[in-house]
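**Student:**
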Amino acid sequence: MTQANPNPSRVDPITLAVIRGALETTQREMTLTLEKTGRSSVFNLAHDYSNALFDHLPEMILQGQDIPIHLGSLIPAMKAVAGYFGDDIHEGDVIYHNDPAYQGSHILDCCMYKPVFYQGELVFWTVCKGHLTDIGGPVPAGYNPAAKEIYAEGLRIPPVKLWDKGRRRDDVVNLLLSNMRARRDQEGDLNAQFGACRVGERNMIALLDKYGVSTMRAAIAELKDMADRHMRSLIRSIPDGVYHGEAVLEDAGHGLGALTIRTTATVLDDTVHIRVDSPPQVPYFINSYAGNSMSGIYLGLMMFAQVPPPYNEGLYRCVSVDLGPKGTLCNAMEPAPHVNCTTTPMETLTDAVRMAFEAAAPERVTASWGHASGINIAGINPATGEQYVTMVLASIISGAGATRYMDGWHACGPLCCFGALSSGDIELLEYAYPIIIHRYGLQQDSGGAGRYRGGSGTVWEVEPIGHEMTIIAFGEGRQIGTMGAAGAVDALPERKLGRLEIDKPGERIVHRQNVMTTIQPGERARNVNPGGGGYGLPWQRPVGEVLRDVQNGLISIDAAQHEYGVMLDHCSQQVDAAATASLRERMNQQGVQA
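Here my numbering runs 53 ahead of the position in the sequence shown, where the first position is 1.
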């Protein structure tokens with residue numbers, strides 16, 4: 054063991070940098086463990102999981118650059134879990150949890166917490182949250198659009214020990230797995246989470262062996278202070294004042310009507326208070342409990358802030374939050390159904406928070422990313438007779454929003470995952486499940502029009518092999534398009550929307566709501582995602598860039614004319630310069646008059 058730091062309240066810059074790098078490496082190694090050992094496609098292909106490290110307080114000392122909807126909720130969830138057990142936390146314990154009543158995000162996101170003891174003292178926690186492909190309940194994959202209360206959605210897991218002082222509680226593990234479909238996948242993913250937490254524990258103990266508890270705590274305190282300084286510096290640059298934002302949640306088909314979420318950001322010196330005003334909770338699965346809503350708020354803030362690392366709980370010291378009264382859409386209480394909440398209304402809440410901050414600093418305005426609009430699939434594998442179920446995360450890959458400097462990235466969303474989600478290989482999905490994927494690619498004309506174009510969303514088309522397959526649609530973005538910025542306007546808004554298309558013999562059924570349906574062999578389900586929003590006036594986009602988008606299949610010749618004012622010959626794709634100049638002049642005049 055190295056010599057203990059003689060002045061543990063101060064850490065020299067080199068030691069601080071080494072410890073910071075080791076913490077980041079530990080988190081990445083936990084992530085790689087999940088990728089390489091996870092059983093389900095949600096883990097090993099889509100990477101729908103997140104890891105974090107906490108200290109004894111417990112405060113987050115490092116969040117990975119993983120799924121934003123997971124990370125924000127981990128802060129209150131970790132405190133709720135530690136508080137639940139109090140002094141009954143011992144070396145060798147492992148705790149599991151998913152319940153939104155204990156600050157979880159939604160019940161499909163199951164979280165594992167492992168306390169790290171050193172010389173008999175609780176020093177750290179390693180934490181791993183992952184989306185399980187099924188959590189029991191009446192609907193495969195957990196998304197039940199007919200649920201009117203949380204009890205109709207799946208298995209709630211309040212804080213419970215899976216390992217007690219190093220002994221695996223096989224009775225508890227069996228109880229959980231017996232309530233889940235596709236047990237092999239769920240057990241494999243649970244073991245992968247345990248492996249990730251163990252890897253994190255091993256690395257943290259090695260750091261303690263090298264530097265000692267005092268030096269590690271001093272370094273972590275400085276890293277949290279550093280994050281605090283970064284965020285306070287940004288908030289201090291915003292003029293003191295009260296700023297408002299709002300975003301509309303579309304009617305998903307239960308006759309609830311459009312719902313508006315409003316936010317208020319009150320800036321005072323280097324602090325900000327964020328208040329959320331949302332409608333009363335509804336008998337539909339789009340209610341968000343407090344932990345999940347904190348993720349939406351933090352993501353909206355971070356989209357605006359774009360502060361440099363480190364990313365830890367120090368970022369939020371200067372931020373206070375009021376979610377509004379209990380029993381509202383963004384501060385739900387039992388028995389509100391909620392499973393869709395990590396996409397809807399979280400993404401709408403994120404937009405509302407970001408827009409409040411952009412009202413304070415218009416020069417930082419950006420377009421929104423596409424919202425999640427995806428499907429889950431389930432059925433009986435005719436080759437094995439076993440049930441399969443999976444969330445098709447490839448089906449929710451949408452486009453990123455444009456900024457004042459550049460086009461949005463293609464196939465990078467949705468907003469709730471902010472680039473951390475992966476599609477996985479088509480061949481591996483077809484190997485894992487009895488399906489044929491006929492199409493997966495960018496959807497033409499899906500990106501928002503603007504001086505800078507929004508990123509394209511995707512289209513994912515599937516057919517079952519030899520069996521009836523259940524399709525469950527969830528999310529939004531099928532009726533209200535992705536928000537653009539700085540004057541962006543979509544002349545062809547229908548093409549920007551998501552939708553689920555079912556091709557049956559002689560007919561095509563188009564769904565723009567959350568539904569559960571079935572298809573047979575020879576029939577196909579096609580899920581189309583919205584793209585990202587555009588930035589600026591579309592007719593100011595350089596003609597050459599519009600032409601290149603047409604040549605690359607990102608926009609159609611029709612959209613080039615109606616959205617960008619560029620006239621192209623349908624055969625040669627040559628630009629008619631005179632007609633283009635005339636059309637753009639008319640568009641500009643109409644835009645000014647509007």
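Each residue gets a CB set at the ideal place from its N, CA and C atoms; glycine is no exception.
Can you tell which of 400, 139, 184 and 115 has the C-alpha that lies nearest to the C-alpha of residue 88?
**Tutor:** Residue 88 has its Cα closest to that of 184, out of 400, 139, 184 and 115.
**Student:** Looking only at its chain, what residues have a beta carbon closer than 8 Å to the beta carbon of residue 435, apart from the 5 residues adjacent to it on each side?
**Tutor:** Answer for residue 435: 487, 518, 519 and 520, listed in chain order.
**Student:** Determine which residues share a DSSP beta bridge with residue 311 and list them.
**Tutor:** Note: residue 311 sits in no beta bridge, so no partner.
**Student:** Within 10 Å of its beta-carbon, does residue 86 have 16 or more other beta-carbons around it, so buried, or fewer, so exposed?
**Tutor:** Buried, since its Cβ has 16 or more Cβ neighbours within 10 Å.
**Student:** Per the DSSP calculation, residue 495 is bridged to which residue(s)?
**Tutor:** Beta-bridge pairing links residue 495 to 511.
**Student:** Please state whether DSSP places residue 661 in a helix, a strand or coil.
**Tutor:** As displayed, the chain neither begins before 54 nor continues past 647, which places residue 661 out of reach and without an answer.
**Student:** DSSP beta-bridge partners for residue 150?
**Tutor:** In DSSP, residue 150 forms a bridge with 164.
**Student:** Checking 7 Å against the spacing of the C-beta atoms, do residue 650 and residue 585 come in under that value?
**Tutor:** Any question about residue 650 goes unanswered here, given that the chain covers just 54 to 647.
**Student:** Measuring CB to CB, does residue 469 end up less than 7 Å from residue 395?
**Tutor:** Going by C-beta atoms, residue 469 is nearer than 7 Å to residue 395.
**Student:** State the DSSP-derived secondary structure class of residue 579, mapped to helix, strand or coil.
**Tutor:** Note: residue 579 maps to strand in three-state DSSP.
**Student:** So who's on the other strand from residue 216, going by DSSP bridges?
**Tutor:** Note: residue 216 sits in a beta bridge opposite 147 and 221.
**Student:** Determine the contact status of residue 336 and residue 381, defining contact as a CB-CB distance below 7 Å.
**Tutor:** Their beta carbons are not under 7 Å apart, which means residue 336 does not touch residue 381 by this criterion.
**Student:** Pick out whichever of 612, 475, 501 and 604 has its Cα sitting closest to the Cα of residue 97.
**Tutor:** The residue with the shortest Cα to Cα distance from residue 97 is 475.
**Student:** Kindly indicate which three-state DSSP category residue 460 falls into: helix, strand or coil?
**Tutor:** Coil at residue 460, not helix or strand.
**Student:** Since residue 421 and residue 454 are thought to touch, with beta carbons under 8 Å apart, how far apart are those beta carbons, to the nearest angstrom?
**Tutor:** Their Cβ separation, rounded to whole angstroms, is 5 Å, which keeps residue 421 and residue 454 in contact under 8 Å.
**Student:** Reducing DSSP to helix, strand and coil, say where residue 181 ends up.
**Tutor:** Strand.
**Student:** From residue 350 to residue 208, what distance separates their C-alpha atoms?
**Tutor:** Each residue's alpha carbon lies about 27 Å from the other.
**Student:** Can you tell me which of 522, 369 and 491 puts its alpha carbon nearest to the alpha carbon of residue 429?
**Tutor:** Cα-wise, what sits closest to residue 429 is 522.
**Student:** What is the residue span of the alpha helix (DSSP H) that residue 88 lies within?
**Tutor:** Start and end: 66-90.
**Student:** Cα separation between residue 363 and residue 374?
**Tutor:** Cα to Cα, the separation comes out at about 22 Å.
**Student:** Note down the Cα distance separating residue 499 from residue 608, rounded to an integer number of angstroms.
**Tutor:** Whole-angstrom Cα-Cα distance: 8 Å.
**Student:** Please state whether the Cβ-Cβ distance between residue 528 and residue 397 is less than 7 Å.
**Tutor:** Contact flag set, yes.
**Student:** Quick one, which of 358, 534, 507 and 575 has its alpha-carbon nearest residue 489's?
**Tutor:** Taking only the C-alpha atoms, the option nearest residue 489 is 575.
**Student:** Does residue 183 come within less than 7 Å of chain B when only Cβ atoms are used?
**Tutor:** This model lacks chain B altogether; it includes just one protein chain.
**Student:** Spatial neighbours of residue 254 within its chain, please: C-beta separation below 7 Å, excluding the five flanking residues on both sides.
**Tutor:** Closer than 7 Å at Cβ, skipping near neighbours: 167, 169 and 179.
**Student:** Please report the distance separating the alpha-carbon of residue 505 from that of residue 413.
**Tutor:** Cα to Cα, residue 505 sits roughly 23 Å from residue 413.
**Student:** Could you tell me how far apart the beta carbons of residue 537 and residue 587 are, in whole angstroms, since I believe they sit closer than 8 Å?
**Tutor:** Contact holds; Cβ gap of about 5 Å.
**Student:** Hey, residue 152 and residue 210: beta-carbon distance below 7 Å or not?
**Tutor:** Their beta carbons are under 7 Å apart, which means residue 152 touches residue 210 by this criterion.
**Student:** Who are residue 320's beta bridge partners in DSSP?
**Tutor:** DSSP, once it has assigned bridges, lists 294 and 325 as partnering residue 320.
**Student:** Helix, strand or coil: which one does DSSP assign to residue 54?
**Tutor:** Summary for residue 54: the model assigns pLDDT 38, below 50, so the residue's position carries little reliability, and this model does not support an answer.
**Student:** Return the chain-ordered list of same chain residues with a C-beta closer than 6 Å to the C-beta of residue 181, the five sequence neighbours on each side being excluded.
**Tutor:** Correct list, in chain order: 104, 165, 246, 249 and 250.
**Student:** Would you mind reading off the limits of the beta strand (DSSP E) that contains residue 107?
**Tutor:** Segment 102-108, the beta strand (DSSP E) holding residue 107.
**Student:** Would residue 218 and residue 143 qualify as a contact pair, given that the criterion is a beta-carbon distance under 7 Å?
**Tutor:** Cβ atoms of residue 218 and residue 143: closer than 7 Å.
**Student:** Taking the CB atoms as reference points, tell me whether residue 542 and residue 554 lie closer together than 7 Å.
**Tutor:** Cβ atoms of residue 542 and residue 554: not closer than 7 Å.
**Student:** Do three or more CB pairs link the segment 270-278 to the segment 109-125 at distances below 8 Å?
**Tutor:** These segments touch.
**Student:** Provide the residue(s) that pair with residue 330 in DSSP beta bridges, ordered along the chain.
**Tutor:** Answer is 315, bridged to residue 330.
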